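Reviewing the structure listed below.
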Amino acid sequence: DLINPPLFCPQCNAPIFKIEGLYYCSNLNCKAQLKEKIKYFVSKECLNILGIGENLIDLLVEHKIFTTIADVYKLWEIETQIYLRKLPWFWEKRIEDIVKELENSKKCPFWRVLNALWVPNIWKKTAQDIEYFLKEKNLSTFEEMIAFLGDREKMQELHGIGEKTTLSLEYYFSD
């Protein structure tokens, strides 16, 4: 017997679509999708931010403190830290450790950041190749890199990167 995938997201009830054998929720604001993106963003494979686990992510998404991946860095903000101190399993040392981890994440190589953003068709090896290519082009600032990655014509210069990846980058960085 074949297992039929759901037609609608079990979390937000938005239609499900299929890309290259994988099923995705079509709602970019889906809480389940956001939780998974944040888990991936803080994982060892990406920015390796210790102390931000599944339970904390679930709680902060449910309370709308995390509404985008970038909101992980709201944990620096005093208002968020005050909120965390009200939780029975949060203490000063844990908050300090997370802030330290956030600071360390700013030193990650660009390929880790690119991999962490959950851009379709971009995984570790592709992100590493892209970073190497950008360094060869002497692009040093984040803004220069993003502008380059959002330009399909310029991206065609990158050897080994196919049209699907180029389109994914252009779409992601134009949004």
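Numbering-wise, the sequence shown is residues 6 to 180 according to this note's numbering.
Ideal Cβ positions, reconstructed from N, Cα and C, are used throughout, including at glycine.
As the structure is a prediction and not an experimental result, all values here were calculated from the model.
Distance CB(residue i)-CB(residue j) smaller than 8 Å
| i | j | result |
| --- | --- | --- |
| F46 | I70 | no |
| E136 | F115 | yes |
| I3 | I8 | Given a span of 6 to 180 for the chain in the structure shown, any question on residue 3 remains unanswerable. |
| L119 | A132 | yes |
| K42 | W123 | yes |
Reference residue i; option with closest CA among the options
| i | options | result |
| --- | --- | --- |
| F147 | K129, F178, K130 and E162 | F178 |
| I127 | C51, K36 and K40 | C51 |
| L80 | E108, W94 and E59 | E108 |
| E141 | L122, L163, Q38 and D76 | L163 |
| A37 | K91, K23, K49 and A19 | A19 |
| E25 | P125, L64 and E175 | P125 |
| E106 | K49, K169 and W94 | K49 |
Cβ neighbours of residue i in the same chain (closer than 6 Å, five flanking residues each side left out)
| i | result |
| --- | --- |
| I151 | F178 |
| Q86 | I100 |
| C17 | N32 and C35 |
| W121 | Reading the sequence as shown, one finds Ala at residue 121 and not Trp. Contacts found: F46, C51 and L52. |
Neighbourhood of residue i by C-beta distance below 7 Å, restricted to the same chain and skipping five residues each side
| i | result |
| --- | --- |
| E59 | K44 |
| K159 | F153 |
Which residues DSSP lists as bridging residue i, in chain order
| i | result |
| --- | --- |
| E28 | A quick correction: the sequence has Tyr, not Glu, at residue 28. Its beta-bridge partners are K23. |
| F13 | P20 |
Own chain partners of residue i with C-beta closer than 8 Å, once the 5 adjacent residues on each side are dropped
| i | result |
| --- | --- |
| I21 | P10, P11, L12, F13, C14, Y28, Y29, C30 and S31 |
- What alpha helix (DSSP H) runs, 4 residues minimum, are completely inside the region 129-164? Considered as a whole, the region 129-164 harbours 129-141, 147-154 and 157-160 as its complete alpha helix (DSSP H) runs of no fewer than 4 residues, in chain order.
- Item | Inside the region 36-77 only - beta strand (DSSP E) runs reaching at least 3 residues | Counting only runs of 3 or more, we get nothing.
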